[in-house]
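J.:
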């Protein structure tokens, strides 16, 4: 599946503000589909940093790397799915999103894309 | 962290703590050092400033030859460290920033926080003072004072 199709599958869910494919090592945007007003570069940099730190935490705990990370705020949700090819799939959504649907969609896109 | 211009200190300190950069150098487009963090030898600072200004001048000329817009940033990514070199406009003219960063941070974070540094510097810039006449007898004292500020000697 192409990156654009994978991102499109996520962004068509109501409440999703955008989705990005991010380089895990340098925190740069590889591909994105974002609503206006979403700072993709900042999301990419911070998401890659968060994923790197969580990878460190699970390594210290002797656990495998997580397949999905969720950062929940009062106004929105950030979902991250680390891939095996040095990429990271990121979804930005408002608090009203159907989280179960978003979670399944992100996992499916990450599994078929990376 | 050492700065010739005191108003640069707070924005630069914020950038350093947020980006986790190892070395940072702010200079004018002619290579005159404004502030530095991470260098211990004056020779290294002067060399880095001259080389950084030269690299950005070369890329500006390259973009002129190619007929494109000026290239604002250059990144050298190594296996151990990366170097981010960018030019930006301030109320005091065009400045350059040279940032050396390691694997404890990322290019994306350095770029993001550098953009914030540029905005913070613009907001922190005090009103321009009227130009003073530089007298020959003051020149050496002022030069030595600037070097002491930058290198603590």
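Protein chains in written order, with the working numbering: chain L, 1 to 114; chain F, 1 to 153. A virtual CB, placed ideally from N, CA and C, is assigned to each residue, including glycine.
1) Measuring from the CB of residue 16 (chain F), is there a heavy atom of the ligand PLP at a distance below 6 Å?
2) Are there 16 or more other CB atoms within 10 angstroms of the CB of residue 24 (chain L), so buried, or fewer, so exposed?
3) Just the Cα atoms here: how many angstroms apart are residue 110 (chain L) and residue 113 (chain F)?
4) Taking Cβ positions, are residue 21 (chain L) and residue 31 (chain L) nearer each other than 7 Å?
5) Have a look at the DSSP bridge pairing and note the partners of residue 101 (chain F).
6) Can you tell me which of L:75, L:74, L:108 puts its alpha carbon nearest to the alpha carbon of residue 178 (chain L)?
7) Listing by chain order, which chain L residues have their CB less than 7 Å from the CB of residue 107 (chain F)?
8) Short check: CB of residue 74 (chain F) to CB of residue 23 (chain F), under 7 Å?
9) Could you please tell me which residues of the segment 91-125 of chain F, in chain order, have their CB closer than 7 Å to any CB of chain L?
10) Mind pulling the chain F residues with CB within less than 9 Å of residue 49 (chain L)?
11) Name the chain F residues that come within less than 9 Å of residue 41 (chain L), Cβ to Cβ?
12) Using CA coordinates, which residue listed in L:29, L:10, L:6 is at the minimum distance from residue 46 (chain L)?
13) For a test of the three-state rule: what should DSSP assign to residue 2 (chain F), helix, strand or coil?
14) Listing by chain order, which chain F residues have their CB less than 9 Å from the CB of residue 19 (chain L)?
15) Tell me, please, whether the segment 79-86 of chain L touches the segment 47-58 of chain L by the rule of three or more beta-carbon pairs shorter than 8 Å.
T.: The relevant details are as follows:
1) Looking for the ligand PLP in the displayed structure turns up nothing, as the structure carries no ligands at all.
2) buried
3) 28 Å
4) yes
5) F:82
6) The first residue shown for chain L is 1 and the last is 114, placing residue 178 (chain L) beyond what the model contains.
7) 26, 27, 28
8) no
9) 106, 107, 108, 109, 111, 112
10) 105, 106, 108, 109
11) 108, 111, 112, 115
12) L:29
13) strand
14) Going along chain F, no residue has its Cβ under 9 Å from residue 19 (chain L), so there is no contact; the nearest lies around 17 Å.
15) yes
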